[in-house]
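One point on numbering: in numbering that gives the first Met the number 0, the residue at position 641 of the sequence shown is 640, and numbering is uninterrupted. Glycine residues also receive a C-beta, built at the ideal position from the N, C-alpha and C atoms. Since this is a predicted model, take the numbers as computed values, not measurements. For reference, the structure discussed in these notes is given below.
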Amino acid sequence: MSFTFAARTLLELGKELISSDEVALYELIKNSVDAGSPTVRIVARIVLDKSGLQRAMDTIAGIGRDPKLPPATPSEVLDVIRGAKPENSAHEHFDAFMAQFENAQDLVALRDQLHEAYSQHNWLEVHDSGSGMSLDDLSEIFLRIGTRSRRADNVSGAQYLGDKGVGRLSAMRLGERLRVTTTKSGEPSWHELDIDWRQFSHDREMDISDVVVEPADGELKSDSRLQGTTIRISDLTGHWGLDRFRELLQGKIARMIDPFEAGAANRLLEVHHNNTRVLVPSVPQSLLKAAHASAHGELKFEDGEPVLAGTVAYHRYGQTRILNQRGAEIYSITQQGVKRRGKKGHAAFQNVAIRPDALAGLGPFKFDIYWFNRRIVEPVPSLTGTASETREQVAQWSGGPMLYRYGFRVLPYGEPQDDWLNLDVVAFGESGFKLNRQQVIGRVRVWSPHTALSEQTNRQGLVDSDAASALRTIMMWVLHVELRNLINEVDKSEQVSKRQAEEKTLAFRETQHEVEQAVSELRAKLGVSARPLVDRVTRGVNTLAEQCAALIGRVDAAVKELTEEREKFVYLAGIGLMTEFIFHELDRSVGHTLRLLHDTRRDDSAAAIRSLEAQLVTLQKRISAFDELTGEKRQSKSTFDLADLVNDVLSSHSNEFRRHRIEMMKDTPSLRIKANRGMVIQILENLLSNSVYWLKQQEKYQGGFDPRIWVKIDPIEKTVTVDDNGPGIAPERKELIFQPFITSKPAAQGRGLGLYISRELAQHHDWQLYLDADVGLHRAGRLSRFVLDMGA
0 MSFTFAARTL LELGKELISS DEVALYELIK NSVDAGSPTV RIVARIVLDK SGLQRAMDTI
60 AGIGRDPKLP PATPSEVLDV IRGAKPENSA HEHFDAFMAQ FENAQDLVAL RDQLHEAYSQ
120 HNWLEVHDSG SGMSLDDLSE IFLRIGTRSR RADNVSGAQY LGDKGVGRLS AMRLGERLRV
180 TTTKSGEPSW HELDIDWRQF SHDREMDISD VVVEPADGEL KSDSRLQGTT IRISDLTGHW
240 GLDRFRELLQ GKIARMIDPF EAGAANRLLE VHHNNTRVLV PSVPQSLLKA AHASAHGELK
300 FEDGEPVLAG TVAYHRYGQT RILNQRGAEI YSITQQGVKR RGKKGHAAFQ NVAIRPDALA
360 GLGPFKFDIY WFNRRIVEPV PSLTGTASET REQVAQWSGG PMLYRYGFRV LPYGEPQDDW
420 LNLDVVAFGE SGFKLNRQQV IGRVRVWSPH TALSEQTNRQ GLVDSDAASA LRTIMMWVLH
480 VELRNLINEV DKSEQVSKRQ AEEKTLAFRE TQHEVEQAVS ELRAKLGVSA RPLVDRVTRG
540 VNTLAEQCAA LIGRVDAAVK ELTEEREKFV YLAGIGLMTE FIFHELDRSV GHTLRLLHDT
600 RRDDSAAAIR SLEAQLVTLQ KRISAFDELT GEKRQSKSTF DLADLVNDVL SSHSNEFRRH
660 RIEMMKDTPS LRIKANRGMV IQILENLLSN SVYWLKQQEK YQGGFDPRIW VKIDPIEKTV
720 TVDDNGPGIA PERKELIFQP FITSKPAAQG RGLGLYISRE LAQHHDWQLY LDADVGLHRA
780 GRLSRFVLDM GA
């Protein structure tokens, strides 16, 4: 008798061991690298994204449909599918997909055909030209979960990224169906393996041995020397639209192939989404050079003695420390504190030194750490134009040091949920929050094999071991003892220098008093005959005092200007949001025209160009309005008709409203006001942009939704109101939303500054901007109307 397990256990293994889509894709990439492939080609063929499929299925099922209306027709469903076609999908692929529904007679048949067509025409493929697999390999290795065919090789010194035999479960994470096409050099044919993971469903009470999966020979090869493997995953379970695909490749996948090596990911990966090539970014070298502090070094062995060598530098103040610890110092650094029973205070812990062979097992490693003081970052030449853009670049790559083996990441070190070096624990326990993970970009590179630094099967870090503990304690020492202390000491020194400088600016008063006393004594001794000379000296002292006082006045003014960062912040952030609005529309307009030119016949290209010209005219209006916010105009007020300004702003949004089917209803009677035109434009732009964003979200959520915006001028009350029928705002958040950095948009998409800036600009005019307290205007229990009150 032996253990057996239910087929559904395989699904549980996949969910536990492969935690996300990006980890699943990463595992497939690593498998290709381990097969010896110099490049890996990833192709996403998406003719209908999962969200489009769901909308079509909801239409078939009548979800969100007015119950008074008859059921949808097949024609309506097909219109929904056409409307969900990805912009970068090739016509021939989409036409082949739609051809499968030509004979759909009813909704039931269409539903079944749609499921099958979705599975057939949407897929992810990972191609490599590695060593490939034979028919026996498919049976004896690929289909044997947990086989450790590479473990012995790693023990012998090989550098395989994986050796646990569970990475193949990543395909299960991405889709319900898997096809493996593979061959070894010298074989006459390809070999194929098809798996439908639904056979292992929780709904089926079967043992794993009862599910028959059989590899077979496929087509003959055109050249017996061909080798490699293609993994095709279909019946995709996730959303794989272009935006999400880019986000994954340019976000987490970009961190998984050492991004500090410029272009390394793109040399390995060739990635396509339909007809679009997707590049994987690297950490910009110019950003790293702009770091305020850094730590670089390595653990190496000289005649068997461990040596920690490198530098820790605070570039902002030109201060550097040399790292050169060796032998016993390294063992001191790596010793562990063990709690002693019944003891308190310093005696509560006993230090236990690491075993010498643990350091040898850890082997050499290198580290590169970059620290940014996000409060004082500046534009980086050729990379960013503003400090906020620099902060965005830092945010893209920060999170603490990431760990790499052979140039590939060991997860999850450096992830948002992982603080393996206690950077945040220490930072948030002291004032100033220095050296927290949001300020640190870094990597640690190890070359130790899995036998010494073994990764957990669930991809959640290294298995606890003396070598892993040594790595952690050494890096904590570098960061907390050396780098953190250097930053703190230099900053403390600089603060003392500033305080001393401030004291010296006032020291002249004491000198002035002493000089005045001396002059009085001189006057008394010299008598009347010397009075003209004394008067000249007195005037000279007074002049010197006035000059010093003037200097202090200028210093006071400079300090006051620095304390007015709030006004500068509001202005600059507002400019940033306005340019973002404008150039987003410009990018969209040009991109749309390029797609039209690509998709239409040559004789239709003139119409596409005319369309772009018309869009550029409306954008020019917005750029002209933006000019009101720059230079001297931003400080000046003028008298104008508010109705003209509101109508101009609405006109500049007309293409956007039309594109998103937003019905604009306005009531704009004449109202003359004296105000800064640019600031009023900025307030309106922020309110309208908010409305457009939330109306688009409501349309995705609510079938048959008709988006509307209302803009009204009340010349009696001297108010402008902007409201929409989107999701609205909870009453308890009516004041919270005007605070900076408060947003309900997805992470990294919303800055949470628009309403804050708008209120600040209103207060600049002694106006009020608030959310009307009238609940349920367009949606039950919600607030939806913003009021700009100019008569307050």
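Assuming residue i and residue j are in contact, meaning their beta carbons sit under 8 Å apart, how far apart are those beta carbons, in whole angstroms?
i      : j      : result
Ile661 : Leu694 : 6 Å
Val42  : His271 : 5 Å
Gln112 : Phe100 : 6 Å
Ser221 : Asp127 : About 18 Å; that fails the 8 Å criterion.
Arg320 : Thr310 : 7 Å
Ser138 : Pro70  : That pair is no contact at about 49 Å.
Met663 : Leu641 : No, Met663 and Leu641 are not in contact; Cβ-Cβ is about 17 Å, not under 8 Å.
Val445 : Arg404 : 5 Å
Ile486 : Tyr313 : 6 Å
What are the start and end residues of the beta strand (DSSP E) that includes residue i?
i      : result
Arg444 : Val439 to Val445
Lys288 : Run containing Lys288: none in the beta strand (DSSP E); it sits in the alpha helix (DSSP H), Gln284 to Lys288.
Met401 : Gly399 to Arg404
Leu298 : Ala292 to Glu301
Taking the C-alpha atoms as reference points, what is the distance between residue i and residue j?
i      : j      : result
Asp773 : Arg390 : 39 Å
Met678 : Gly398 : 37 Å
Gln696 : Asn87  : 22 Å
Leu754 : Gln284 : 35 Å
Thr180 : Leu192 : 7 Å
Glu91  : Asp423 : 52 Å
Ser656 : Asn689 : It should be noted that the sequence gives Phe, not Ser, for residue 656. Rounded to the nearest angstrom, the two C-alpha atoms are 13 Å apart.
Pro355 : Ser184 : 45 Å
Val32  : Thr228 : 11 Å
Gly296 : Asp490 : 23 Å
Glu186 : Ile230 : 19 Å
Phe141 : Leu134 : 10 Å
Val439 : Pro400 : 7 Å
Ala55  : Pro706 : 20 Å
Asp234 : Thr182 : 24 Å
Ser637 : Asp771 : 28 Å
Leu571 : Ile682 : In this prediction, Leu571 has a pLDDT of 46, which is less than 50 and means its spatial position is unreliable; what the coordinates show is noted afterwards. Straight-line Cα distance between these residues: approximately 14 Å.
Arg224 : Glu218 : 15 Å
Thr58  : Gly413 : 43 Å
Ser653 : Ala263 : 44 Å
Ile708 : Thr667 : 14 Å
Pro730 : Phe737 : 13 Å
Gln249 : His114 : 30 Å
Ile28  : Asn102 : 40 Å
Lys299 : Val306 : 5 Å
Asp105 : Gln701 : 24 Å
Quick one, are the C-beta atoms of residue i and residue j less than 7 Å apart?
i      : j      : result
Val409 : Leu402 : yes
Leu819 : Leu358 : In this structure the chain extends from 0 to 791, so residue 819 is not present and cannot be described.
Ser281 : Ala261 : yes
Ala364 : Leu160 : First, the amino acid is wrong: residue 364 is Phe here, not Ala. Contact: no.
Lys717 : Met789 : yes
Leu361 : Ala466 : yes
His238 : Lys49  : yes
Ala469 : Thr333 : yes
Thr236 : Gly174 : yes
Leu268 : Val39  : yes
Arg245 : Asp367 : no
Leu768 : Arg758 : yes
Val710 : Lys665 : yes
Val210 : Ile194 : no
Arg483 : Phe199 : no
Residue range of the alpha helix (DSSP H) that residue i falls in?
i      : result
Ile80  : Pro73 to Gly82
Gly753 : Gly753 to His763
Ala95  : His90 to Met97
Arg243 : Leu241 to Gln249
Asp356 : Pro355 to Leu361
Ala467 : Asp465 to Met475
Practice item. Mind the definition here: the stretch 717 to 732 touches the stretch 774 to 785 only if three or more C-beta pairs lie below 8 Å; say whether that holds. Key: yes
Review point. Within the chosen definition, does the stretch 41 to 61 reach the stretch 119 to 135 through at least 3 CB pairs nearer than 8 Å?
Key: yes
Check your understanding: Does the count of Cβ pairs from the stretch 166 to 175 and the stretch 19 to 27 closer than 8 Å reach three?
Key -> Cβ pair count under 8 Å is three or more, so yes.
Review point. Counting pairs of Cβ atoms below 8 Å between the stretch 280 to 300 and the stretch 368 to 384, do you hit three or more?
Key: yes
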